[in-house]
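Everything below concerns the one structure shown next.
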Amino acid sequence: MSSSSSSSPPLQEKITAPYGSWKSPITADIVSGASKRLGGTAVDSRGRLVWLESRPNESGRGVLVVEGEKGPIDITPKELAVRTLTQEYGGGAFRISDDQLVFSNYKDQRLYTQHILHKDSSPKPITPDYGSPAVTYADGVFDSRFHRYITVREDGRQDTSNPITTIVEVNLSGDTLDEPKVLVSGNDFYAFPRLDPNCERLAWIEWTHPNMPWDKAQLWVGYISEAGTIDKRVCVAGCDPEYVESPTEPKWSPRGELFFVTDRKNGFWNIHKWIESTNEVVSVYPLDAEFAKPLWVFGTNSYEIIECSEEKNIIACSYRQKGKSYLGILDDSKGSCSLLDIPLTDYDNITLGNQCLYVEGASAVLPPSVAKVTLDQHKTKALSSEIVWSSSPDVLKYKAFFSVPELIEFPTEVPGQNAYAYYYPPTNPLYNASMEEKPPLLVKSHGGPTAESRGSLNLNIQYWTSRGWAFVDVNYGGSTGYGREYRERLLRRWGIVDVDDCCGCAKYLVSSGKADVKRLCISGGSAGGYTTLAALAFRDVFKAGASLYGVADLKMLKEEGHKFESRYIDNLVGEEKDFYERSPINFVDRFSCPIILFQGLEDKVVTPDQSRKIYQALKEKGLPVALVEYEGEQHGFRKAENIKYTLEQQMVFFARVVGGFQVADDISPLKIDNFDTSSDA
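Residues in the sequence shown are numbered from 841 upward in steps of one, following my numbering.
In structure tokens, the structure reads:
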């Protein structure tokens, strides 16, 4: 007797029911509890894959895991959690060399060292205990020459709101917890410290206020003396007044040649090489495509040098072009890039393994995953590929309920200028709606705002579409993935271009017959929360909105925000009067529809007062409004129970205030001020 697990439900006559009322097996429990987050990959001395995963069912605890002969093995002890809070967004929380790990522990933010699966594999600290997590570390590299760890340090002991960022060295022995020694200092920010194979040259990225690293940055190389200090340094990119550029992701080849990504000529992040003898920079493969992402988190790795010689360099790389992702093998001697065909269609970081690549990514029907890709002997084709890690493998049984996005291009307010989005139609094999009905539409305004939506499987989106909602993920002007010109559409126009594009996309879908004009809703988190609030304050397109840790007061954001983003909005907004005129909190009289707000009480990026102020003002105005606050949550929710509650309450809130359908799920609604009577509460 055989059994099979089909992703399709049994054939039956479809039920006709209003959009939004459909019953779906993709529950909020599945969305919140099933999806782990990947925090990076590496390979140890035995060729085993090591990865960092964040587990919602353990309150978002970060755990390092190694592949074993009989399955994954946790490396991180239960009492520790791997995560760094450097620049608040973190990233680069661990590094591996042979079988030695260095990682940041979440609770105390100290660095620890640990040997993988040794008899004595207990982690031990290698940085001092300052009594508080005011000092953080990220994105390091091992220096075998001086037996040290070189890393970015953010030191907030004197001023937590304006910590001092440097590149420091940490003694790897841990026998004496000495104060780390500063190697590079003097600028506002540092990232990507990278040593050459002989540990004689250190490359790094630095930038200064008011720039963000994607606006303008510099790539430097320092020469390491016999004493281990950096005596001489050379600016490789970002110092020539002829170019406005933002170099990122420096990487040394095994031959000691420096590669990096920058957007100096064509306005797109392309891979370049430094000619040390002449201090020249040459483009390896010019293309109107993005070979890197904005530096929001440390430790990104968009390409790997898999073979090098005097004649050629073979580079595995991923890039984005006009809303699509590509994975390829670049041969600089031929000026060609051979595309690889693997199950994933959206790619992130790449890690070089033994005769293989580990590629992080997803697709429209595959959740965030890691694919092991084995290459042929010429390293131009994929012989095989297999998924070796999945954020939520069990959800594939719901494949029949997945809505596959359509990449759409729609006109903006500027004549002849277009913007992009991913439209997800309502999808459920068990239901139909009447021919006359158009679906409610949820418009998603992504965070950042210098970021992008990718069009890959997101269970949060599928929660909506499988219940009969249309959903559109907007890459408004200012988003990444489309080059510098597109990215800079938002300069001095945040709160205008993004709002216009979200509204324009909604109206475009209404005119295309894909959405109900009377049931247009908008939701966003962080910067997307600001776009949501601004759209509700300054436009009359949407009938309801949800803001997750969103910005209501731009002046407050500038004054209370953390160092990394403290000057970000100078370029996004402009003059002081614009801060006032584009802050939704100052124009409460213009709001006219219901709003629900969600906020983490430990958020240092967008402080709780932002949500509290707009909530109180809207409540006093008499609009239907609700505020949900979470203890122990920061900028973005990590606990499964809070992710679930946020999702369910948004759904019920929109159903109640927009109307037209009854939610199929059994969810107890929260109280909506100025909407529920005392008997309803």
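Don't be surprised by glycine CBs; every beta carbon is placed ideally from N, CA and C.
Status (buried if at least 16 other CB within 10 Å, exposed otherwise) for residue i
i	result
L1179	exposed
D1234	exposed
H1286	buried
K1091	buried
V1339	buried
A1521	Below a pLDDT of 50, predicted positions are generally treated as unreliable, and A1521, at 43, falls in that range; no measurement from the model is reported.
Q949	buried
C1079	exposed
E853	exposed
H1112	buried
A1067	exposed
P1003	buried
P1255	exposed
D1216	exposed
L1247	exposed
P1563	The structure shown has nothing for residue 1563, since the chain only spans 841 to 1521.
H987	exposed
K1237	exposed
D938	exposed
L1042	buried
L1441	exposed
Segment limits, beta strand (DSSP E) that includes residue i
i	result
Q829	Residue coverage of the chain in this structure runs from 841 to 1521, which leaves residue 829 outside it and unanswerable.
D995	988-995
Y859	Careful: Y859 lies outside any beta strand (DSSP E) and carries neither H nor E.
E1421	Note, E1421: premise wrong, no beta strand (DSSP E); alpha helix (DSSP H) at 1416-1421.
H1112	1110-1115
C1039	Unbroken run through C1039: none, as it is neither H nor E.
L1441	Counting along the chain, L1441 falls outside any beta strand (DSSP E), and DSSP gives it neither H nor E.
Terminal residues of the alpha helix (DSSP H) in which residue i lies
i	result
L793	No information on residue 793 is available, as it lies outside the stretch 841 to 1521 that the chain covers here.
I1409	1408-1413
R1327	1324-1327
D1449	1448-1461
G1369	1367-1378
Residue i - DSSP class collapsed to helix/strand/coil
i	result
S1351	helix
Y929	coil
E1276	coil
I870	helix
A1521	Legend: pLDDT at A1521 = 43, less than 50; position of this residue unreliable, no value from coordinates given.
C1157	strand
L1331	coil
E1400	helix
A1504	coil
R950	coil
R1430	helix
C1342	helix
I1436	strand
K1395	helix
I1512	coil
D960	coil
A1240	helix
Check whether residue i and residue j have beta carbons under 9 Å apart
i	j	result
C1433	L1463	yes
V1391	Q1302	no
P1265	L1330	no
V1312	A1261	yes
W1044	I1007	yes
S861	Q1502	yes
L889	G880	no
Y859	A1310	yes
L1167	L1184	yes
K1278	A1355	yes
P1424	L1373	yes
C1343	F1404	no
S1086	P1053	yes
Contact test: residue i Cβ vs the ligand PLP heavy atom, cutoff 8 Å
i	result
T881	Judged by which ligands are present, the structure shown has none, so any question about the ligand PLP falls away.
Report task. Specify whether the segment 942-952 and the segment 965-977 touch according to this definition: at least 3 beta carbon pairs, one from each stretch, less than 8 Å apart. Result -> By the Cβ rule, the segment 942-952 counts as touching the segment 965-977, because three or more pairs are nearer than 8 Å.
Query raised in the report: Taking one C-beta from the segment 1202-1210 and one from the segment 1228-1248 each time, how about it: are there three or more such pairs within less than 8 Å?
Result: Between the segment 1202-1210 and the segment 1228-1248 there are three or more C-beta pairs closer than 8 Å, enough to call the two in contact.
Query raised in the report: Pairing CB atoms from the segment 1277-1295 with CB atoms from the segment 1084-1104, are three or more of them under 8 Å?
Result: At 8 Å Cβ cutoff, the stretches do not touch.
Query raised in the report: Touching or not, the segment 1288-1300 and the segment 1190-1203, by the rule of three or more beta carbon pairs under 8 Å?
Result: Cβ pair count under 8 Å is three or more, so yes.
Query raised in the report: Touching or not, the segment 1155-1162 and the segment 896-913, by the rule of three or more beta carbon pairs under 8 Å?
Result: Below 8 Å, too few C-beta pairs join the segment 1155-1162 and the segment 896-913 to call them touching: fewer than three.
**Report entry** Any 3 or more C-beta pairs closer than 8 Å across the segment 1124-1142 and the segment 1098-1109
**Finding:** The answer is yes - the segment 1098-1109 touches the segment 1124-1142, with three or more Cβ pairs under 8 Å.
Query raised in the report: Are the segment 903-918 and the segment 951-960 in contact at 8 Å, needing three or more beta carbon pairs?
Result: The segment 903-918 is in contact with the segment 951-960.
Query raised in the report: Quick check: the segment 1470-1481 against the segment 853-868, are there 3 or more CB pairs under 8 Å?
Result: Because the criterion of three Cβ pairs below 8 Å is not met, the segment 1470-1481 and the segment 853-868 do not touch.
Query - Given 8 Å, three or more beta-carbon pairs between the segment 1139-1153 and the segment 1163-1177 - result: At 8 Å Cβ cutoff, the stretches touch.
Report task. Would you be able to state if there are at least three C-beta pairs under 8 Å between the segment 1316-1332 and the segment 1404-1415? Result -> The answer is yes - the segment 1316-1332 touches the segment 1404-1415, with three or more Cβ pairs under 8 Å.
Query raised in the report: At a cut of 8 Å, does the segment 1110-1127 reach the segment 1010-1023 through at least three beta carbon pairs?
Result: No, the segment 1110-1127 does not touch the segment 1010-1023.
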